[in-house]
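A.B. asks: Counting with my numbering, you get residues 797 to 1169 for the letters of the sequence shown.
For reference, the structure I am asking about is given below.
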Amino acid sequence: SIITAIMPNASAEGANDATAAILAAMSDPTVVLLVFALMGVSVLVLVIAACAIGAYALVQYNKDEEPVPPPPAWPQQPQVQYIVPQTAETTALSPTGKTSASRKQSVNMQGLPPDVTPDMLSIVKMRSSVSLSDPSGKKTSEGTFMLSSMVPTMKEATELHEERNKYIKAKTPAELLADLKAGNMRFWTGLAENPEMTPAVRSALIKGQVPKVAVLGCADSRAAVEIVFDQGPGDLFVARNAGNSYGENEGGTMDYAIKHLGIKLVVVMGHAGCWTVCTAAKMSVKQICKEPAHLRDMLLDAKDGLKTCVEAINHITDAGARDRECVIRHAKSQVQKMLNVPHFKKKIDAGELMIVPAFYEMSSGIVDFVQMD
C-alpha cells in the first residue's frame, strides 16, 4: 500500500515486485548498517544546528541589554610604590647580633631621601628577634622583641624584654639612628610591622623602660612620632609641644632621658605645615603679643629661633619651600640650644650622645635627617 501511495500509476504486480526487492535489501546487514548510520548523522546535524541557533539567539539577547555599571568604589588615598632594581636581602638579628632569619624585600630607590644609603636597604624589614622556647626547652619559633608570632607567658615576656634591653644598651648612637631611619622607611613604604601587644608583653614593660631614642616633636595630631618611625611601646621616649621647641620643661625631660634612661640619640623633629613655626615667621612681634600669654611666649620663642635667617627665608618665593625652610631652621635652632648645654656637650664630645634635627614630610611620610650648618 505504501508503494501504491508513492507510485499511484504502478500496477499491483509492479508494487509487489518493488516490495519484494525492498524486503530483500533489508535482509542484507550492510544495508541496515548504512541506513542506521545515515539516521545517526542526520540526528547529529540537527543537534548541532539547534545549538548554533541557540548560541546566536543568546548573543543577540546580550547585545540588546545595557551593561550594568560597577558599584562606586570608595575613594582611596594615592600610595607611593617603591621598587628597587635589585632585590635586597633583609635580615633579622638576635640580641647578640647573629643572623637568625633572613628574607627578601623589594623597596624603590626612587624618591629616597638623600641620607638613605644602599646599606640601609638591608635593614628596611629588620626586626630584632629572639628564639622563644616551649616548656620542654626546644626552640619552636622566631619572635620579635616585645612581640612574637606566638603568645608568650609572663616569664617568657620578661626574659624577652630583658634581652631586648641589653641589645638596645649595646648599640651606638649611629646604630640607633640607622634603626630609626629603617623604621621610617618601613612606614612610608607601607611595610610597618608593629602589631598589638599581648597582655603579658605589656606587663613586662612595668619592670622598667629602656627606650632606644628620645624625640622632641610637635604636638600636631598628624605627626604621631611612634607611628612615623614604626616603633612600639617602650621604644621611644617622646616629648611633644606645639612647635617642637626646647624650653625649660623640655630641658628637664631631656635631662631625665639622657641621665637616667641612658638615651644616646635625641631627634628634634619638625614637620610640614607646622602652624606654630610658620605663623611665628609671618606674624610681627606686635601681632604675636595679642595672643594669649602661653601661646604668645611660644610664638616669640619660635620667632627668636628664626631671627638669624629671616633675610634668607624672605628671599624664597615658593610658599611651600619657604615653610619647609622655616621648620628646618627652627629645628636646627632647638638642636643648637641643646648642643650648648654643658653636660650634653660633654657626652657628645665623648661620642656617647648624638642630637640631630629632622623634618617630616607628611605627603610622602619620609623623615629627612638634616645636617647642622
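Note that beta-carbon positions come from the ideal geometry of N, C-alpha and C, so glycine has one too.
Here the structure is a predicted model, which means the values were calculated and not measured.
Taking Lys1078 as the reference, which of Asp1051, Gly1048 and Asp1119 has the closest Cα?
C.D. replies: Against the sequence shown, residue 1078 aligns to sequence position 282. The candidate whose alpha carbon is nearest that of Lys1078 is Asp1119.
A.B. asks: Put Glu1148 into one of helix, strand or coil per three-state DSSP.
C.D. replies: The sequence position of residue 1148 within the sequence shown is 352, counting from 1. If DSSP states are grouped into helix, strand and coil, Glu1148 belongs with coil.
A.B. asks: Of the residues Phe1025, Asp1097, Leu1135 and Asp1016, which one's Cα is nearest the Cα of Leu987?
C.D. replies: The count along the sequence shown starts at 1 and reaches residue 987 at position 191. Checked all of Phe1025, Asp1097, Leu1135 and Asp1016; the closest Cα to Leu987 is Phe1025.
A.B. asks: Buried or exposed: where does Lys1142 fall if 16 or more other Cβ atoms within 10 Å of its Cβ makes it buried?
C.D. replies: Position 346 of the sequence shown, counted from the first residue, corresponds to residue 1142. With fewer than 16 other Cβ atoms within 10 Å, it is exposed.
A.B. asks: In this structure, how does DSSP classify Cys1070 when only helix, strand and coil are distinguished?
C.D. replies: Within the sequence shown, numbered from 1, the residue matching residue 1070 stands at position 274. Three-state DSSP puts Cys1070 in coil, outside helix and strand.
A.B. asks: In terms of alpha-carbon separation, which member of Cys1070, Asn961 and Ser999 lies closest to Ala1015?
C.D. replies: Residue 1015 sits at position 219 when you count from the first residue of the sequence shown. Nearest option by C-alpha distance: Cys1070.
A.B. asks: Would you identify the three-state DSSP class for Glu1107, choosing helix, strand or coil?
C.D. replies: As a position in the sequence shown, residue 1107 is number 311, starting the count at 1. Glu1107 falls in the helix class under three-state DSSP.
A.B. asks: With a 10 Å radius around its C-beta and 16 neighbouring C-beta atoms as the bar for buried, classify Asn1045 as buried or exposed.
C.D. replies: Translated into the one-based positions of the sequence shown, residue 1045 becomes position 249. With fewer than 16 other Cβ atoms within 10 Å, it is exposed.
A.B. asks: When DSSP labels each residue in this structure, what does Tyr1052 get in the three-state scheme?
C.D. replies: For the purposes of this step, residue 1052 is taken as residue 256 along the sequence shown, with counting starting at 1. The answer is helix: DSSP assigns Tyr1052 an H, G or I state.
A.B. asks: Taking 8 angstroms as the threshold (C-beta atoms), are Phe1033 and Pro1007 in contact?
C.D. replies: If you number the sequence shown from 1, residue 1007 lands on position 211. If you number the sequence shown from 1, residue 1033 lands on position 237. Yes, Cβ-Cβ distance for Pro1007 and Phe1033 is below 8 angstroms.
A.B. asks: To the nearest angstrom, report how far apart Ala1154 and Arg1036 are at their CA atoms.
C.D. replies: For the purposes of this step, residue 1154 is taken as the residue at position 358 of the sequence shown. For the purposes of this step, residue 1036 is taken as the residue at position 240 of the sequence shown. Rounded to whole angstroms, Ala1154 to Arg1036 spans 14 angstroms at the Cα level.
A.B. asks: Can you pull the DSSP bridge partners for Leu1032?
C.D. replies: Locating residue 1032 in the sequence shown gives position 236, where the first residue counts as 1. According to DSSP, Leu1032 bridges with Val1009.
A.B. asks: How is Glu1121 classed by DSSP in three states: helix, strand or coil?
C.D. replies: Working through the sequence shown from its first residue, we reach residue 1121 at position 325. If DSSP states are grouped into helix, strand and coil, Glu1121 belongs with the helices.
A.B. asks: Helix, strand or coil, according to DSSP, for Tyr852 in the structure here?
C.D. replies: Within the sequence shown, numbered from 1, the residue matching residue 852 stands at position 56. Correct three-state label for Tyr852: helix.
A.B. asks: Assuming the contact rule is C-beta atoms closer than 8 angstroms, His1067 and Ala1146 should be a hit. Round their C-beta distance to whole Å, please.
C.D. replies: Here residue 1067 corresponds to residue number 271 of the sequence shown, with the count starting at 1. Here residue 1146 corresponds to residue number 350 of the sequence shown, with the count starting at 1. Wrong, their Cβ atoms sit about 31 angstroms apart, outside the cutoff.
A.B. asks: What residue from Glu959, Ala1053, Val1123 and Val841 has the CA that sits closest to Ala1000's CA?
C.D. replies: Residue mapping note: residue 1000 aligns to position 204 of the sequence shown, counting from 1. Out of Glu959, Ala1053, Val1123 and Val841, Glu959 has the C-alpha closest to the C-alpha of Ala1000.
A.B. asks: Given a threshold of 16 other Cβ atoms within 10 Å of its Cβ, counted over all protein chains shown, does Ser1160 qualify as buried or as exposed?
C.D. replies: Here residue 1160 is taken as the residue at index 364 of the sequence shown, counted from 1. Flag for Ser1160 reads exposed.
A.B. asks: Determine contact between the stretch 1127-1136 and the stretch 1051-1064, defined as no fewer than three beta-carbon pairs at a distance below 8 angstroms.
C.D. replies: The stretch 1127-1136 vs the stretch 1051-1064: in contact.
A.B. asks: Verify whether the separation of the beta carbon atoms of Lys1060 and Met1150 is less than 8 angstroms.
C.D. replies: Residue numbering aside, residue 1060 sits at position 264 when the sequence shown is read from its first letter. Residue numbering aside, residue 1150 sits at position 354 when the sequence shown is read from its first letter. Against a cut-off of 8 angstroms, the Cβ pair of Met1150 and Lys1060 comes out as a contact.
A.B. asks: How big is the Cα-Cα spacing for Ser1080 and Pro1029?
C.D. replies: Locating residue 1080 in the sequence shown gives position 284, where the first residue counts as 1. Locating residue 1029 in the sequence shown gives position 233, where the first residue counts as 1. So the two alpha carbons sit approximately 41 angstroms from each other.
A.B. asks: Between which residues of its own chain and Ala970 is the CB-CB distance below 8 angstroms, once the five residues before and five after are set aside?
C.D. replies: Working through the sequence shown from its first residue, we reach residue 970 at position 174. Taken in chain order, the residues that qualify are Met1150.
A.B. asks: What residues are listed by DSSP as bridge partners for Met1065?
C.D. replies: Sequence index remark: in the sequence shown, residue 1065 carries index 269 (1-based). According to DSSP, which records beta bridges pairwise, Met1065 is partnered with Gly1013 and Ala1154.
A.B. asks: Rounded to the nearest angstrom, how far is the Cβ of Leu1102 from that of Cys1122, given a contact under 8 angstroms?
C.D. replies: Counted from its first residue, the sequence shown places residue 1102 at position 306. Counted from its first residue, the sequence shown places residue 1122 at position 326. Right, the Cβ-Cβ distance comes to about 6 angstroms (below 8 angstroms), so this counts as a contact.
A.B. asks: Put Gly933 into one of helix, strand or coil per three-state DSSP.
C.D. replies: Walking along the sequence shown from the start, residue 933 turns up at place 137. In this predicted model, Gly933 has a pLDDT of only 39, less than 50, meaning its place in the structure is not dependable; the value taken from the coordinates is given anyway. Gly933: coil per DSSP, three-state reduction.
A.B. asks: With Val1024 as the anchor, note down where its beta strand (DSSP E) starts and where it stops.
C.D. replies: Working through the sequence shown from its first residue, we reach residue 1024 at position 228. Segment Val1021 to Val1024 is the alpha helix (DSSP H) holding Val1024; no beta strand (DSSP E) there.
A.B. asks: In whole angstroms, what separates the C-alpha of Gln856 from that of Gly850?
C.D. replies: Start at 1 with the first residue of the sequence shown, and residue 856 comes out as number 60. Start at 1 with the first residue of the sequence shown, and residue 850 comes out as number 54. Roughly 10 angstroms between the two C-alpha positions.
A.B. asks: Taking C-alpha atoms, which residue in Met1094, His1139 and Val1131 lies nearest to Ala1166?
C.D. replies: For this step, residue 1166 is matched to residue 370 along the sequence shown. It should be noted that the sequence gives Val, not Ala, for residue 1166. Among Met1094, His1139 and Val1131, the Cα nearest to that of Val1166 belongs to Val1131.
A.B. asks: Starting from Val1163 and walking both ways along the beta strand (DSSP E), at which residues does that stretch end?
C.D. replies: As a first step, residue 1163 must be located in the sequence shown, where it is residue number 367. Ile1162 to Phe1165 is the span of the beta strand (DSSP E), which, as asked, contains Val1163.
A.B. asks: Check for me: the alpha helix (DSSP H) holding Glu955 runs from which residue to which?
C.D. replies: Position 159 of the sequence shown, counting from 1, holds the residue named residue 955. That run of the alpha helix (DSSP H) goes Met950 to Lys965.
A.B. asks: Three-state secondary structure (DSSP) at Asn990?
C.D. replies: The residue you call residue 990 lines up with position 194 of the sequence shown. Note: Asn990 maps to coil in three-state DSSP.
A.B. asks: Comparing C-alpha positions only, which one of Ala966, Lys1003, Asn980 and Thr1072 sits nearest to Met950?
C.D. replies: Residue numbering aside, residue 950 sits at position 154 when the sequence shown is read from its first letter. The shortest C-alpha separation from Met950 is found at Lys1003.
A.B. asks: Compare the beta carbon distance of Glu989 and Arg998 with 8 angstroms and say whether it is the shorter of the two.
C.D. replies: Sequence index remark: in the sequence shown, residue 989 carries index 193 (1-based). Sequence index remark: in the sequence shown, residue 998 carries index 202 (1-based). No, the pair does not count as a contact, with Cβ atoms beyond the cut-off.
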